[in-house]
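Residue numbers (our numbering), protein chains in the order written: chain A, 16 to 229; chain B, 16 to 229. Every residue, glycine too, gets a C-beta built ideally from N, C-alpha and C. Because the structure is a prediction, the values reported are computed rather than measured. I have placed the structure first, in the form of structure tokens, so that the comments after it can refer back to it.
Here it is, written out as structure tokens:
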């Protein structure tokens with residue numbers, strides 16, 4: 016069982032969306048915005064937005080609305096973006112390489128320090144400046160380099176063992192792409208990206224629409 | 016605004032998880048299971064499981080529990096897995112290639128018919144047996160081949176235009192990996208995988224844990 020938050024996950028999952036939309040407003044040089052305008056852009060009700068933000072002390076002023084830059088920075092801080100994170104990627108197949116190549120992550124302060132794989136054909140290669148290391152050297156690497164987030168991009172058969180190895184070396188946050196629910200110590204954070212589950216949500220809606228039409 | 020379901024999205028998003036766990040039980044040759052046992056394995060309460068399944072007519076018998084194979088098949092049908100889906104991938108970069116290489120999708124009935132890209136170095140290449148075609152030929156391809164799901168793996172700048180092109184050619188379901196909320200006609204289904212939003216959920220929990228510890 017991984018770590019549970021004191022704020023509801025539904026609220027937490029909306030925060031990155033606020034952050035993204037506020038960033039777009041900033042890029043368009045918009046300085047302030049009412050909760051009503053923000054609600055029209057982002058697609059949540061104004062009351063939802065106020066409630067969400069009240070979890071973190073509340074922002075904005077009656078009659079003025081929100082200062083865009085201030086709110087963007089505050090939400091960034093709430094999301095933990097006022098610091099950087101060292102990451103490693105386990106599994107240097109296509110997905111791992113896609114993530115290593117995704118330079119957008121760096122803008123948010125994520126620094127990928129190494130990738131690991133068991134495939135001799137991949138070991139020693141570099142994706143951008145990130146070296147693919149031998150999986151056997153994982154523990155040695157983790158004893159020398161402080162890593163905040165382990166990103167698991169392996170098959171489901173390997174994922175649990177890798178999670179065990181990461182957590183026993185002190186990695187306390189895992190971004191997991193393997194289609195399995197990892198068992199980790201209580202205080203470890205696991206965030207899953209289950210691609211098949213996302214795709215099956217889509218087919219559910221597809222099927223439901225067909226049934227309504229027929 | 017894309018299509019809204021009559022069943023709550025929270026319920027729908029749990030269905031693929033039931034499907035996955037039931038598949039594991041089947042593979043372990045387990046024929047029947049009580050809602051209590053299922054709840055221990057899957058991590059939802061037994062009452063949650065009963066409530067979820069009651070949305071679709073209810074399954075299982077008092078005193079017997081669930082027939083694993085029957086429930087697996089029923090949930091598969093509810094998820095629309097009793098048919099196949101033709102897909103195309105737009106954007107043949109690392110992520111698009113990772114998805115094209117992910118043979119797991121085929122087991123669920125997804126057939127990737129083609130990939131599309133604007134990069135001349137990629138056009139004409141094949142990922143497994145899937146050809147990367149010139150983006151300019153998208154409309155021609157769609158007029159000849161019935162495609163159920165368009166998978167968008169481009170940058171955010173291109174994603175909306177591609178969604179417009181897909182929907183105007185009759186593609187009514189989009190699996191979107193670009194970090195943008197697409198505007199589509201009311202009846203089109205959009206399922207997003209917003210990787211950055213997932214990662215920022217993780218950093219939120221990281222930050223919250225640090226604050227509690229300090």
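* Residues sharing a beta bridge with residue 130 of chain A, DSSP -> A:104 and A:147
* Separation of residue 43 of chain B from residue 81 of chain B, as counted between CA atoms -> Distance between the alpha carbons of residue 81 of chain B and residue 43 of chain B is about 15 Å.
* According to a CB-to-CB cut-off of less than 9 Å, which residues of the segment 193-210 of chain A neighbour chain B? -> 194, 195, 196, 202, 204, 205, 206, 207, 208, 209 and 210
* Between the Cα of residue 194 of chain A and those of B:33, B:19, B:199 and B:151, spot the shortest distance and give me the residue it belongs to. => B:33
* Any chain A beta carbon closer than 8 Å to residue 146 of chain B -> no
* **Per-residue burial, residue 35 of chain B [other beta carbons within 10 Å of its own, 16 or more giving buried]** => buried
* Asked: Interface residues of chain B around residue 164 of chain A at Cβ under 9 Å?
  -> 214, 217, 218 and 221
* Using alpha carbons as the reference points, say which of B:98, B:227, B:22 and B:206 lies closest to residue 216 of chain A. => B:206
* To do: Measure the alpha-carbon distance for residue 59 of chain A versus residue 68 of chain A and round it to whole angstroms.
  => 12 Å
* Asked: Alpha carbon to alpha carbon, how far is residue 162 of chain B from residue 103 of chain B?
  -> 7 Å
* **residue 51 of chain A versus residue 28 of chain A - alpha carbon distance** => Straight across, the Cα-Cα distance linking residue 51 of chain A with residue 28 of chain A is about 21 Å.
* Is the Cβ of residue 65 of chain A closer than 8 Å to any Cβ of chain B? -> no
* Got a sec: which bits of the segment 25-58 of chain A sit with their beta carbon under 8 Å from any beta carbon on chain B, in order along the chain? -> Within the segment 25-58 of chain A, the residues whose Cβ lies closer than 8 Å to some Cβ of chain B are 27, 28, 30, 31, 32, 34, 35 and 58, listed in chain order.
* CA nearest to the CA of residue 66 of chain A, picked from A:30, A:41, A:96 and A:47 -> Residue 66 of chain A has its Cα closest to that of A:30, out of A:30, A:41, A:96 and A:47.
* Asked: Are the beta-carbon atoms of residue 45 of chain A and residue 83 of chain A separated by less than 8 Å?
  -> The beta carbons of residue 45 of chain A and residue 83 of chain A sit closer together than 8 Å.
* Distance, residue 87 of chain B Cα to residue 109 of chain B Cα -> In this structure, the straight-line span from the alpha carbon of residue 109 of chain B to that of residue 87 of chain B is close to 33 Å.
* **Integer-rounded CB distance, given that residue 119 of chain B should sit under 8 Å from residue 167 of chain A** => The Cβ separation is near 16 Å, so there is no contact.
* **For residue 76 of chain B: DSSP bridge partner residues** => B:80
* To do: With distances taken Cα to Cα, identify the nearest neighbour of residue 196 of chain B among B:177, B:164 and B:186.
  => B:177
* **As assigned by DSSP and simplified to three states, the class of residue 120 of chain A** => helix
* Bridge partners of residue 188 of chain B, per DSSP? -> The partner list for residue 188 of chain B (beta bridge, DSSP) reads B:204.
* Asked: Quick one: which chain A residues come within Cβ less than 7 Å of residue 181 of chain B?
  -> The premise fails here: residue 181 of chain B is roughly 14 Å from chain A at the closest Cβ pair, so nothing lies under 7 Å.
* To do: Would you tell me roughly how many angstroms separate the C-alpha atoms of residue 187 of chain B and residue 124 of chain B, rounded to the nearest one?
  => 18 Å
* Using the C-alpha atoms, what's the distance from residue 121 of chain A back to residue 246 of chain A? -> Nothing about residue 246 of chain A can be read from this structure; chain A reaches only from 16 to 229.
* Under 8 Å between C-beta atoms, does residue 118 of chain A make it to chain B? -> no
* Asked: What is the DSSP secondary structure of residue 111 of chain A, reduced to helix, strand or coil?
  -> helix
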